[in-house]
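In our numbering, the protein residues as written are -12 to 188. Step one of this worksheet: look at the structure below.
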């Protein structure tokens, strides 16, 4: 399933590189990932998301394809509170590259144009760290494939001008990933909301 998702995204992404519009985007990503580890409190942090985008009209009214290469960081913490201000907190921080492929529909040809969007994405954790109060270590994964995530994207936005776009998206990952904490496993399934501004040249 992962191989199929990635193959589709790479082929379609290569097609859209010859697009009419090249742009940049930047914004925030609200981490709502499912994190499972017994006996701890879990907190999540918002992060940055940004990169390059390519947009291509496919010849159908109001419909276009958009591919992007985005960086985003993702953080969460596991807090083991034993009372009396005693405990330990582990902070997990991952740096990721993401390739989304999105179909965008703009139903109204007005000056300020709303749109809806849906598509697929795949991402790869290029690096990561675990920190506590005393030390820090690189994140290790139970399997090499657990660096990879894939899933669906849905969202909406509005063209404020011809070049400036406000974009909101929700991403739901299908790939459960096992991160190692010593000899224990922390299960993570990526989910998140993104709000960004895009600029088309």
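For every residue, glycine included, the Cβ atom is placed at its ideal position computed from N, Cα and C.
Checklist entry - Mind checking residue 85: buried by the 16 CB within 10 Å criterion, or exposed? => result For the purposes of this step, residue 85 is identified with residue 98 of the chain shown, where counting begins at 1. Under this definition residue 85 is a buried residue.
Next on the checklist: If distances are taken between C-alpha atoms only, which option among 66, 10 and 52 comes closest to residue 119?
Outcome noted: On the chain shown, residue 119 is found 132 positions in, with the first residue counted as 1. Of the candidates 66, 10 and 52, the one whose C-alpha sits nearest the C-alpha of residue 119 is 66.
Checklist entry - Between which two residues does the beta strand (DSSP E) containing residue 155 stretch? => result As a first step, residue 155 is located in the chain shown; it is residue number 168 there, counting from the start. Segment 151 to 168, the beta strand (DSSP E) holding residue 155.
Checklist entry - Is it a yes or a no for the region 126 to 134 touching the region 160 to 168, going by three-plus beta-carbon pairs under 8 Å? => result yes
Item to check | For residue 81, the nearest candidate out of 25, 186, 187 and 127 (CA to CA) | outcome: Within the chain shown, residue 81 is the residue found at index 94, counting from 1. Measuring from the Cα of residue 81, the nearest candidate turns out to be 127.
Checklist entry - With DSSP run on the structure shown, which of helix, strand or coil describes residue 54? => result Within the chain shown, numbered from 1, the residue matching residue 54 stands at position 67. Three-state DSSP puts residue 54 in a strand.
Item to check | Environment of residue 102 [buried if 16+ CB atoms lie within 10 Å] | outcome: Counting from 1 along the chain shown, the entry for residue 102 is found at position 115. Answer is buried; the Cβ neighbour count reaches 16.
Checklist entry - Can you tell me whether DSSP reads residue 90 as helix, strand or coil? => result Walking along the chain shown from the start, residue 90 turns up at place 103. It is a strand residue.
Checklist entry - Shortest alpha-carbon distance to residue 181 belongs to which of 169, 171, 150 and 142? => result Taking the first residue of the chain shown as position 1, residue 181 is located at position 194. If we check each option's Cα against that of residue 181, 142 comes out closest.
Next on the checklist: Once the 5 residues before and after residue 15 are set aside, which same chain residues still bring their CB inside 8 Å of it?
Outcome noted: Along the chain shown, read from residue 1 onward, the residue named residue 15 stands at position 28. Cβ neighbours of residue 15 beyond the five flanking positions: 33, 34, 35, 36, 181, 182 and 183.
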